[in-house]
């Protein structure tokens, strides 16, 4: 995202911007280094996206971030997969601030 804020994406008024990141995703370990190549981290609160839950993904050796976690968003059972499917279906996703199970009627 080579914009500083979700509002800079030139979307229609009222459009939603969603972001998620697995706890063990290797991209999180890159920190500020990726800011120069990929832009600000869209899952950070100051970016302005609606943050969605994701499973932590598999950790690397000694609990370090991993490429496997970066590739785990589409794995069956991952909350990120459920959220992406829910968004594609035009329904409200489960945000990172929700702690209970998603409403099956969504």
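Residue numbers (the numbering used here): 65 to 170. Glycine is no exception: its CB is placed at the ideal position from the N, C-alpha and C atoms.
Query	Result
With a Cβ-Cβ cutoff of 9 Å, do residue 104 and residue 69 count as a contact?	yes
By Cβ distance below 6 Å, which residues in the same chain neighbour residue 87 in space, the five residues on each side in sequence not counted?	120
Under 8 Å by Cβ, that's how I've got residue 131 and residue 112 pegged, so tell me the actual separation to the nearest angstrom.	Contact flag wrong, Cβ pair sits at about 28 Å.
Can you name, in chain order, every residue of its own chain whose Cβ lies under 7 Å from the Cβ of residue 142, other than the five neighbours on each side?	118, 119, 136
With distances taken between CB atoms, is the gap from residue 126 to residue 157 smaller than 9 Å?	no
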